[in-house]
Amino acid sequence: MSESAIKATLQQLFEKAGVRTRCQLVRAALQGALGAVSNGQSAG
């Protein structure tokens with residue numbers, strides 16, 4: 634995978650998550666993952 638492909642993929646992730654920095658992207662990913670786990674446990 635080329636550097637330009639990685640940059641383009643990151644930019645798409647930023648836009649999809651509605652964030653501007655990698656730190657915000659990581660936070661959004663962690664919150665989403667924790668929310669998915671919490672939702673799965675409370676539904677059971």
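Just so you know, we're using my numbering here: the sequence shown kicks off at 634 and counts up by one.
Where a beta carbon is used, it is the ideal one built from N, C-alpha and C, also for glycine.
Once DSSP output is grouped into helix, strand and coil, what is the label at residue i?
i, result
"valine 652", "coil"
"serine 637", "helix"
Contact defined as beta carbons within less than 8 Å: I believe residue i pairs with residue j. What is the distance between those atoms, to the nearest angstrom?
i, j, result
"lysine 647", "leucine 663", "Before going on, a small fix: residue 647 reads as phenylalanine here, not lysine. About 16 Å separates the two Cβ atoms, so there is no contact after all."
"alanine 661", "alanine 650", "4 Å"
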